[in-house]
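Working notes for the structure below.
Residue numbers (the numbering used here): 51 to 541.
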């Protein structure tokens, strides 16, 4: 660590402590191995005739040497007047301390940029967004959710359903109970952060993109901290949807004339590692000039939209599956998912059903609010005062509008399910109460009718000839039989 990195570490320890105490503690306590866990690469964007150059850094020393030899201010000062601008995008996965210090100190990045990336997106945090500048083209932070095709041993499932990623950033893996109302792939919440420097006189700039790592080979149980191995890849459980739910990233009006270019449109991201998918698509995409820093991260912005759409589509299918029964096959129309409500799984009161309904409604409200924050952060809100040059591309506006529409659809579905469930349970309770009242009234009438019968029996039993076994004992049955027949006829 050189002098610049020491001063940057001091800035993190002193200035960020009141605002991000957990990040400061976790960052400063990284072990020597953890300080190197993470991947970093740089993409140097050339002109329209030059290919984009990609370089992977083996370790933080390699990154440190690269930054020391290519300081953008030094290059711009000593470069010839006719030299092309230098435009670079650094992509950092996870937050290893050595890489973070090298990038932050050399590019003069505010340390809060890294602290906001570390925080758990699903936890109640307040400083992850700038309240005085809600949108900016030079930096943004997006929070999103995704499903992970991994499985955890059944023994660990009995202990908890929340696990901690074995990474430097604070991320959690939320699993479903195997015997629960909904059983699906584990879900997690992530953050994508972007920062860019000011554009220099000759058009040069530096930008940094922070991405989250995928689940590794282990996760940690909460709260014991025990490491549990996980298996990557989809399982064989029929309750989990195996459909590929991500939309196409780019739909063309027609294919190019050159058939050799058609194969480019068959390539698709794997949706496992955002780091790998971003670099893969940047190198495979046709080369086009990147003038502004925000244009350099078009691909990860598309990937986030696609990931959110797949996550919401999975929630939509899960809600449809809640009402499935032996009378509701998998190919039932989506319009009729509440048609046989009284024959579905939620036709009886159960605490688990109520918890599911209330929890899902609350989660969808928070999810919709987070989507709205993302839209504001990307400056997608329409404004008549904003010139066309400052507006986001149409594909991005339409993509986030599609996410908001699907969010409203899922929210309306769970609200319809909640309303139907509570109304049906109320009707059931009313019917049970009426049945109990009718039974009580019958018992009351029978009691009142048996009073005179008992009186007759007591009177007849007073005489000696009317006692059982005497010659006039038959009189009791002559009187009691019509009364019993009358009661049987009435009821």
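The beta carbon of each residue, even a glycine, is placed where N, CA and C say it ideally should be.
For clarity, every value in this text was computed on a predicted model and none was experimentally measured.
{"query": "Sequence-distant residues of its chain with Cβ nearer than 8 Å to residue 85 (five each side left out)", "result": "110, 146, 147 and 148"}
{"query": "Beta-ladder partner(s) of residue 238, from DSSP", "result": "196 and 223"}
{"query": "Environment of residue 469 [buried if 16+ CB atoms lie within 10 Å]", "result": "exposed"}
{"query": "Close-in-space but distant-in-sequence residues of the same chain around residue 72 (CB under 6 Å, 5 per side omitted)", "result": "none"}
{"query": "Cβ-Cβ distance between residue 258 and residue 140 below 8 Å", "result": "yes"}
{"query": "Alpha-carbon to alpha-carbon, residue 491 and residue 515", "result": "38 Å"}
{"query": "Backbone CA spacing between residue 137 and residue 326 [nearest angstrom]", "result": "21 Å"}
{"query": "Through-space distance from residue 211 to residue 404, alpha-carbon basis", "result": "19 Å"}
{"query": "Chain-order list of residues whose beta-carbon lies under 6 Å from that of residue 463 (same chain, five-residue window excluded)", "result": "369"}
{"query": "Nearest residue (CA-CA) to residue 63, options 54, 75 and 53", "result": "75"}
{"query": "Reference residue 196; option with closest CA among 523, 449, 483 and 363", "result": "363"}
{"query": "Residue from 353, 272, 340 and 274 whose Cα sits closest to the Cα of residue 295", "result": "353"}
{"query": "Cβ neighbours of residue 269 in the same chain (closer than 8 Å, five flanking residues each side left out)", "result": "202, 213, 214, 215, 216, 223, 277, 278 and 280"}
{"query": "Distance, residue 465 Cα to residue 414 Cα", "result": "10 Å"}
{"query": "Nonlocal neighbours in the same chain, by C-beta distance under 6 Å from residue 429, ignoring five residues either side", "result": "185"}
{"query": "Chain-order list of residues whose beta-carbon lies under 6 Å from that of residue 70 (same chain, five-residue window excluded)", "result": "165"}
{"query": "Best match in 115, 192, 233 and 272 for proximity to residue 241 [C-alpha to C-alpha]", "result": "192"}
{"query": "Whole alpha helix (DSSP H) elements within the segment 111-183, 4-residue minimum", "result": "122-128, 147-157 and 162-168"}
{"query": "CB of residue 66 within 8 Å of CB of residue 162, strictly", "result": "yes"}
{"query": "Contacts around residue 483, its chain only, beta-carbon distance under 8 Å, and the 5 residues preceding and following it disregarded", "result": "none"}
{"query": "Rounded C-alpha distance that separates residue 275 from residue 218", "result": "15 Å"}
{"query": "Contact under 8 Å by Cβ, residue 92 with residue 232", "result": "no"}
{"query": "CA nearest to the CA of residue 447, picked from 458, 422 and 460", "result": "422"}
{"query": "Residue 92 CB to nearest heavy atom of the ligand FAD below 7 Å", "result": "This structure simply doesn't include the ligand FAD, nor any ligand for that matter."}
{"query": "Anticipated Cβ contact below 8 Å, residue 11 with residue 55, distance rounded", "result": "The chain is shown only over 51 to 541; residue 11 falls outside these bounds and no answer can be derived."}
{"query": "Proximity to residue 293 [Cα-Cα], best of 199, 167 and 103", "result": "199"}
{"query": "Span separating the alpha-carbon of residue 397 from that of residue 451", "result": "35 Å"}
{"query": "Through-space distance from residue 400 to residue 488, alpha-carbon basis", "result": "26 Å"}
{"query": "Residue 454 - DSSP class collapsed to helix/strand/coil", "result": "helix"}
{"query": "Of the listed residues 112, 102, 461 and 101, nearest to residue 89 (C-alpha basis)", "result": "112"}
{"query": "Range of the contiguous beta strand (DSSP E) that encloses residue 270", "result": "268-271"}
{"query": "Chain-order list of residues whose beta-carbon lies under 6 Å from that of residue 105 (same chain, five-residue window excluded)", "result": "92"}
{"query": "Length at least 4, wholly inside the segment 66-102: the alpha helix (DSSP H) runs in chain order", "result": "71-78"}
{"query": "Nearest-angstrom Cβ-Cβ length linking residue 358 and residue 291, presumed shorter than 8 Å", "result": "About 16 Å separates the two Cβ atoms, so there is no contact after all."}
{"query": "Contacts around residue 283, its chain only, beta-carbon distance under 7 Å, and the 5 residues preceding and following it disregarded", "result": "199"}
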